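**Q** First the structure, which I've put down as structure tokens, then a few questions once you've had a look.
Numbering (my numbering), first residue to last: 2 to 511.
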């Protein structure tokens, strides 16, 4: 039997999972990664520590699998998009890694919009500019830490950095770089004129050669073999942006399907042969299947907000659950299920890590009274996250027919009450896929193609993707959620002037 290894580095965990050729997860290891927040709006991680965490996760997954490492025939990667990871000529980090929840470069985005650069960029990249994209962060470094850029030899995404550590080979990859405003989507190549619009002409030579997701980008080195337990010389494929990985692992292989990922980020996507160029969606990028574009609406407004709630407001409940060998998520789901949607009129804006409204929008609870308790607040968190997804989905549906169902993955997919809430609010059936590490699974599928296990992604999907349930919307809740969503949108409109006040205050302090 042959096996495949997928390595997934998201916003909060580094994961490694081993799969057989039919997509069965044999073992998995997940290790939390530390986010450094030296200032408000910053989100960093120690890159050397990240590498050691990956080594440990890979080693654990191999050891726990009882698989002979000689039978692991391919390795590949998934990782959070956007952000920035830089190394010097000998491979040492030149700064901490920057996460996709970092907003330090918000002012650059606003200035580019005011100066008309946003439209010129869209003509080339077919996407909006975000504060967390490499171009924005690089512009910040150019002004605030120019010596870092001078020392930098290669600009990577997170998965490119881990691949570089395992192989010693420096490559970029199309799904990540085309989603970061670094690639001209018309020519599918780097573009000096594009970089000039951002004032970043000097970084052109620091951009590594680009590969497709299932292309071979090196082999496990002797040093990496000794550290991880993988065999020296094992095939390593380029890998992909985690939204692509979760999409392909959910069965997103044609324009018929549509999927949502409810993790740290709210990811909502479909694929098409042609990009959407009417400006109604924020992101077009190259999908892992050559010839397809990923049409994406996303923001850091999803289940990461619930993790904050648990960490700050449910520490006691979490501790008690763990004492009883249970899970705090059993408690959260029961709390939410205990309250009917029409009985909770609190609105939560899930903007703790950023927003899909304005760069400086803030998270808020509105409508609290002395009657309410943590259960009501938690239900509003579940609903606010659903409404943020709904905002994105509505934009996507302007450009395609309503799908038969939407496939949901990420943390929310493990909650029956939450899946039902998605179905009721969207009034579209929700499919959940077999519970496993989907980011790592998508990466493993690319490794399987690179190593000759699968002919193409279509064969990989047919063998590996298994739908476990379909949850249908309840028509009687259609009006309830429509009214609640209207209030959610009204609150956002009412707070725009408040957020502008925050922006002016921060700008005056710079």
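For every residue, glycine included, the Cβ atom is placed at its ideal position computed from N, Cα and C.
In this text the structure is predicted, and so the values were computed from the model without any measurement.
Could you have a look at residue 396 and say whether DSSP puts it in helix, strand or coil?
**A** As a working mapping, residue 396 is identified with position 395 in the chain shown. Helix at residue 396.
**Q** Between the C-alpha atoms of residue 511 and residue 426, what's the straight-line distance to the nearest angstrom?
**A** The count along the chain shown starts at 1 and reaches residue 511 at position 510. The count along the chain shown starts at 1 and reaches residue 426 at position 425. Residue placement at residue 511 cannot be trusted, given a pLDDT of 45 that sits under 50; what the coordinates show is reported in the next sentence. Their Cα atoms are separated by approximately 41 Å.
**Q** If you compare alpha carbons, which of 483, 332, 336, 324 is closest to residue 387?
**A** Position 386 of the chain shown holds residue 387. Closest by alpha carbon: 483.
**Q** The alpha helix (DSSP H) spanning residue 139 covers which residue range?
**A** Mapped onto the chain shown, residue 139 falls at position 138. Taken as a continuous stretch (DSSP letters only), the alpha helix (DSSP H) holding residue 139 covers 135–145.
**Q** I'd like to know whether the C-beta atoms of residue 44 and residue 16 end up nearer to each other than 8 Å.
**A** Residue 44 sits at position 43 when you count from the first residue of the chain shown. Residue 16 sits at position 15 when you count from the first residue of the chain shown. Not in contact: residue 44 and residue 16 (Cβ atoms no closer than 8 Å).
**Q** Relative to the C-alpha of residue 493, which residue among 373, 51, 357 is closest?
**A** Walking along the chain shown from the start, residue 493 turns up at place 492. Residue 493 has its Cα closest to that of 357, out of 373, 51, 357.
**Q** Specify, as a first and last residue, the run of the beta strand (DSSP E) that residue 469 falls within.
**A** The sequence position of residue 469 within the chain shown is 468, counting from 1. Counting along the chain, the beta strand (DSSP E) containing residue 469 begins and ends at 468–472.
**Q** Suppose you measure from the CA of residue 438 to the CA of residue 116; what does that come to, to the nearest Å?
**A** For the purposes of this step, residue 438 is taken as residue 437 along the chain shown, with counting starting at 1. For the purposes of this step, residue 116 is taken as residue 115 along the chain shown, with counting starting at 1. Each residue's alpha carbon lies about 43 Å from the other.
**Q** In terms of residue numbering, what span does the alpha helix (DSSP H) encompassing residue 245 cover?
**A** Start at 1 with the first residue of the chain shown, and residue 245 comes out as number 244. First-last of the alpha helix (DSSP H) with residue 245: 243–250.
**Q** Mind checking who residue 46 pairs with in its DSSP beta bridge?
**A** Taking the chain shown and counting its residues from 1, one reaches residue 46 at position 45. According to DSSP, which records beta bridges pairwise, residue 46 is partnered with 98.
**Q** Are there three or more Cβ pairs, one per stretch, closer than 8 Å when the region 53–71 is compared with the region 133–153?
**A** No, the region 53–71 does not touch the region 133–153.
**Q** Leaving out five residues before and five after residue 1 in sequence, what residues of the same chain have Cβ atoms less than 8 Å from its Cβ?
**A** Any question about residue 1 goes unanswered here, given that the chain covers just 2 to 511.
**Q** Please state the DSSP three-state secondary structure of residue 190.
**A** Here residue 190 corresponds to residue number 189 of the chain shown, with the count starting at 1. DSSP places residue 190 in strand when its eight states are reduced to three.
**Q** Go through its chain and collect everything with a Cβ distance to residue 42's Cβ below 8 Å, but skip five positions before and after it.
**A** Residue mapping note: residue 42 aligns to position 41 of the chain shown, counting from 1. Contacts found: 103, 104, 105, 107.
**Q** Mind checking which residues open and close the beta strand (DSSP E) that includes residue 219?
**A** For the purposes of this step, residue 219 is identified with residue 218 of the chain shown, where counting begins at 1. Counting along the chain, the beta strand (DSSP E) containing residue 219 begins and ends at 217–220.
**Q** Nearest to residue 90 by alpha carbon, out of 70, 432, 169?
**A** Within the chain shown, the letter at position 89 stands for residue 90. With distances taken between Cα atoms, residue 90 lies closest to 169.
**Q** Report yes if the CB atom of residue 110 is closer than 8 Å to the CB atom of residue 139, and no otherwise.
**A** As a first step, residue 110 must be located in the chain shown, where it is residue number 109. As a first step, residue 139 must be located in the chain shown, where it is residue number 138. Their beta carbons are not under 8 Å apart, which means residue 110 does not touch residue 139 by this criterion.
**Q** Confirm, please, whether the CB-CB distance from residue 77 to residue 238 is below 8 Å.
**A** As a first step, residue 238 is located in the chain shown; it is residue number 237 there, counting from the start. As a first step, residue 77 is located in the chain shown; it is residue number 76 there, counting from the start. Yes, they are a contact pair.
**Q** Could you please give the first and the last residue of the uninterrupted alpha helix (DSSP H) stretch that includes residue 165?
**A** On the chain shown, residue 165 is found 164 positions in, with the first residue counted as 1. Its alpha helix (DSSP H) spans residues 159–168.
**Q** Do the region 303–321 and the region 216–227 make contact, defined as three or more Cβ pairs closer than 8 Å?
**A** Flag = no, the region 303–321 and the region 216–227 do not touch.
**Q** Spell out the partners DSSP gives residue 267 in its beta bridges.
**A** One-based indexing of the chain shown puts residue 267 at position 266. 263, 300, per the DSSP bridge assignment.
**Q** Work out the CA separation of residue 385 and residue 351 for me, nearest whole Å.
**A** On the chain shown, residue 351 is found 350 positions in, with the first residue counted as 1. On the chain shown, residue 385 is found 384 positions in, with the first residue counted as 1. One C-alpha to the other measures close to 6 Å.
**Q** DSSP three-state label for residue 439, please.
**A** Stepping through the chain shown from its first residue, residue 439 is reached at position 438. Here residue 439 sits in helix by DSSP.
**Q** Are there three or more Cβ pairs, one per stretch, closer than 8 Å when the region 270–277 is compared with the region 289–296?
**A** Verdict: yes, contact present.
**Q** I need the boundaries of the beta strand (DSSP E) containing residue 80, first residue and last residue.
**A** As a working note, residue 80 is residue 79 in the chain shown. Element bounds for residue 80: 73–80.
**Q** Which same chain residues end up closer than 8 Å to residue 214 when comparing Cβ atoms and leaving out the 5 residues on each side of it in sequence?
**A** Translated into the one-based positions of the chain shown, residue 214 becomes position 213. For residue 214, where only same-chain residues beyond five positions count, the Cβ hits under 8 Å are 77, 174, 175, 176, 238, 239, 240, 241, 245, 289, 447.
**Q** Taking residue 312 as the reference, give the member of 401, 297, 330, 367 with the closest Cα.
**A** By 1-based counting over the chain shown, the position of residue 312 is 311. Residue 312 has its Cα closest to that of 330, out of 401, 297, 330, 367.
**Q** Of the choices 80, 99, 199, 100, whose alpha-carbon is the least far from that of residue 114?
**A** Working through the chain shown from its first residue, we reach residue 114 at position 113. Answer by Cα proximity: 199.
**Q** With DSSP as the reference, please indicate the residues paired to residue 285 in a beta bridge.
**A** Here residue 285 refers to the residue found at position 284 when the chain shown is read from its first residue. 296.
**Q** If we ignore side chains and look at the alpha-carbon of each, how far apart do residue 28 and residue 457 end up?
**A** For the purposes of this step, residue 28 is taken as residue 27 along the chain shown, with counting starting at 1. For the purposes of this step, residue 457 is taken as residue 456 along the chain shown, with counting starting at 1. Computed Cα separation, rounded: 24 Å.
**Q** DSSP state of residue 305, grouped into three classes?
**A** What you label residue 305 is simply residue 304 of the chain shown in a count that begins at 1. The answer is helix: DSSP assigns residue 305 an H, G or I state.
**Q** Going by the CB atoms, is the gap between residue 243 and residue 9 shorter than 8 Å?
**A** Here residue 9 refers to the residue found at position 8 of the chain shown. Here residue 243 refers to the residue found at position 242 of the chain shown. Closer than 8 Å, so yes.
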